[in-house]
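Using this note's numbering, you'd call the opening residue of the sequence shown number 18 and step up by one each time.
See structure below.
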Amino acid sequence: MRVWIFMLLSIMAFWVLIPDALGKKKKNLIFLGLSFLVLVFIMGSRSPHMMKSPDLYGYYRMFYRSTYMTFEQLTQQYDTIEQGYLLLNKIVSTISPWTYTLQYLEAAFCTFVIFWYINRNADSVFLGVMIYICVGPWQFYLTGFRQAFAISICLIALELLKKHIRKYDIIGVCLIVLAITMHSTAWIFVLVLFLRNVKVSKKFIVILLAVTALLFALLPHILDFVREHMDKDYGMVYKGNPLGGLIPIAVYLCALVLTYLVWLNDKNYFDKYGAEVTLLVVGLALYTLRYSSVTMERVSFYYTPVITVVLSNAVTRQKSISTRNIYYALGIALLIGLYMYRCIEQYGTYHFFWEYLELIDLYYN
C-alpha cells in the first residue's frame, strides 16, 4: 500500500513545489511530465502475479506467448480475443521481447492520452489528474489492458470529432474502428457521431430515461440471445455489491449538478463543453444499467472519462470565488479519502515485478 500512497503524494507534491512564477502553461506541462513518469513507472513495474485481479496475469501470459508464437498460433490459442490486440502483442514482442514491455507501453500510452485530453480541456490540470486517479478510469487501466487501449483511442477520436471538420471526422471514425479491433465493446462509441451535436435539455433527459428504463428491462433477454446465438457469454444480471456502484453514480450526479450551476451564470458554457456534458449524461445512464448486466459498467467506461474535465471545470467555474475555493478544497479532501479507501480495500499489496522470485522463496521456505 505504501507505493500507492507514495504515488498520490508525489503527484500532489509536484503541484505544490512547482512555482507559479513559471506561468500556468509551463507549470502545467512540468507537472504533467513529472506525474507521467511516476504513473508509468508504478503502473508498468507491477508484478502481474500479485494483483487481486487475474486479468493482469492473463495479459502478461498472452504477451509472453507472443514472443515465441506466430500470429496464427496466437489467434488459435486466444480465439475469443480481438485480433487487433493480438496483432499489437505480436508487433510489440517482435520489437522488444522483454515480457514487461506491454505493461509499460499500456501505462505510457493511456496516461499520455488522458493527460493530453485533460491539458486541452480542463481549467485545472491538477484537479483533472486527481479526478482521473481517484474516480476516473485509472483504476480500470491497471488491469483492463485491451479496453484501456480502446478507451484511449476513442478519447483521441472524441477530440477530432468535436472539430466538426470532414477530414477529422474520417480520421475519428477510423480510430473508432481501430478501437473496436482492440475491444469489441468500443462499437458503442459510434454513437458519439450523433451525440456530439446534442445538447442536454429536458427533452433529451426524458428520452434518455425512457430508453434506459426500456434497456433495463430488455437487456437480460438481449444478452441471453447473444449468448445462445453468438457464443458470447456476457453477465446477464448484476451479482456484486449493490452499493458498489453508488460512489461513481454520486460523483457523476454531483458533476452534473455543479455544471448546471455554472450554466445558470454562463449560458454559453455548453458551446465549448456541451459534448463532454452530453457524454457524461449518457455514460451515467449506461453505468446504471450495471444493475441489469455488469457488462454495461465496462461499456460506460467509453463515456465516463470525460468526468476529468466536466467535474474539474464545474468546480473552477463557479461564479463565487469563496464557493469555488470551498468546493475545490472539499473535492480534493474527498478524492484523497476515496483513494485511501480503495488502497486498503481494492488495490491490493503492491509488489514490483523484480520482487516476485524473492517472494516465492519466502513463501516456500
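The beta-carbon is built from N, C-alpha and C at its ideal position, and this holds for glycine as well.
How would you call Ser309, buried or exposed, if buried means at least 16 neighbouring beta carbons within 10 angstroms?
-> buried
Under the three-state reduction of DSSP, which class applies to Arg307: helix, strand or coil?
-> helix
Under 8 Å between the Cβ atoms of Arg63 and Tyr102?
-> no
Could you check the C-alpha separation between Gln335 and Val274 for me, to the nearest Å?
-> 12 Å
Kindly provide the ranges of any alpha helix (DSSP H) runs that are 4 or more residues long and lie completely inside the region 174-243, ordered along the chain.
-> 183-199, 209-212
Could you tell me the boundaries of the alpha helix (DSSP H) in which Gln100 lies?
-> 100-112
With distances taken Cα to Cα, identify the nearest neighbour of Tyr74 among Gln100, Leu231, Ser337, Tyr117.
-> Tyr117
DSSP state of Phe369, grouped into three classes?
-> strand
Using three-state DSSP, classify Arg137 as helix, strand or coil.
-> helix
Backbone CA spacing between Ala38 and Val228 [nearest angstrom] | 51 Å
Run through DSSP, which three-state label would Arg63 get?
-> strand
Return helix, strand or coil for Gly291, following the three-state DSSP convention.
-> helix
Report the option in Arg307, Ser110, Arg341, Ala139 whose CA atom is closest to the CA atom of Phe233.
-> Arg307
Start and end residues, alpha helix (DSSP H) containing Gly161 = No alpha helix (DSSP H) contains Gly161, which DSSP labels as neither H nor E.
Reference Lys179; option with closest CA among Leu159, Trp155, Ile148, Val215 | Val215
Let me know the secondary structure DSSP gives Gly257 once reduced to three states.
-> Because the pLDDT of Gly257 is 49, which lies under 50, any placement of that residue in the model is unreliable, and the number read from its coordinates should be weighed accordingly. DSSP places Gly257 in coil when its eight states are reduced to three.
Tyr149 versus Leu175: straight-line alpha-carbon distance, rounded = 17 Å
Rounded straight-line distance, which links the Cα of Thr333 to that of Asp288 = 17 Å
What residue from Thr202, Val279, Gly145, Tyr185 has the CA that sits closest to Ala165's CA?
-> Thr202
In chain order, each beta strand (DSSP E) run of at least 3 residues that lies wholly inside the region 318-356 | none
Cβ pair Asp72, Asn330 closer than 8 Å = no
Just to confirm, are Cys151 and Tyr356 a CB contact at a threshold of 8 Å?
-> yes
Let me know if Arg19 comes out buried or exposed under the rule of 16 or more other beta-carbons within 10 Å of its beta-carbon.
-> exposed
Can you give the beta carbon distance from His272 to Leu297, rounded, assuming they're within the 8 Å contact cut?
-> The question names His, but residue 272 is Ala in the sequence shown. Contact holds; Cβ gap of about 7 Å.
Assess, as a yes-or-no matter, whether the region 80-94 is touched by the region 104-119 under the definition of 3 or more beta carbon pairs within less than 8 Å.
-> yes
Collapsed DSSP secondary structure at Pro265 in the structure displayed = helix
Drop a sphere of 10 angstroms on the beta-carbon of Trp371, count the other beta-carbons inside from all chains shown, and report buried for 16 or more, exposed for fewer.
-> exposed
CB-CB length for Gln90 against Arg359, believed under 8 Å = About 38 Å separates the two Cβ atoms, so there is no contact after all.
Is the region 182-194 touching the region 363-370, taking contact as three or more C-beta pairs under 8 Å?
-> no
Helix, strand or coil at Met29 according to DSSP, with G and I counted as helix | helix
If you draw a straight line from the alpha carbon of Arg341 to that of Ile361, how long is it in whole angstroms?
-> 30 Å
Tyr290 and Leu303: beta carbons closer than 8 Å?
-> no
Do you know how far the Cα of Val326 is from the Cα of Leu51?
-> 20 Å
Rounded C-beta distance between Val316 and Ile205? I'm assuming under 8 Å.
-> 5 Å
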